[in-house]
Amino acid sequence: MEAVYAACVGLLTFSGIFLCLRGRTFPVVLGLTLLSYAVNLFLFSSGRLKLEGAAILGTSFSYTDPLPQALVLTAIVIGFAMTAFIVILAMRARADLGNDHVDGRLPPQPAVKPRRKKEHA
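In structure tokens:
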């Protein structure tokens, strides 16, 4: 179970970094969201993965640490607020600059050669 969990955290981290390196704002927002999911899963796993473990005393024979769960809940709220703020910034940049590129400039377009007219004989 730990190997699958670690692979999922690694896949989310890789996908988040890949999307953060894109040139448009929407993939960057998605990349930051995936990175926050990966960090949440990592924080949750720091409390050791236990099946059928309760975080409340007196309800089970095996207990888990409730601190990582509280950290993840806090991180989810902060991540949601951060995502909403970034989306508003991206919408404002799109309205002000007229495009959704991260640096505000359009990429250079390749030069188009003019077509020569065929002469009919």
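Following full-length UniProt numbering, the numbering of the sequence shown begins with 1 at its first residue and continues without gaps. Glycine is no exception: its CB is placed at the ideal position from the N, C-alpha and C atoms.
- Per the C-alpha coordinates, the member of Gln109, Ala111, Ala90 positioned closest to His101 is Ala90.
- A straight line joining the alpha-carbon of Leu34 with that of Gly47 spans about 21 Å.
- Note that the stretch 73 to 82 touches the stretch 22 to 40; at least 3 beta-carbon pairs, one per stretch, sit closer than 8 Å.
- If you check the CB distance, Pro66 and Phe44 do not come in under 7 Å.
- Between Val29 and Arg22, the beta carbon gap of about 10 Å keeps them out of contact (Cβ cut-off 8 Å).
- For Gln109 and Ile17, the gap between their C-alpha atoms comes out near 26 Å.
- Going by DSSP, Asp65 is part of no alpha helix (DSSP H) at all; its letter is neither H nor E.
- In summary, Leu97 is exposed, with fewer than 16 beta-carbon neighbours lying within 10 Å of its beta-carbon over all protein chains present.
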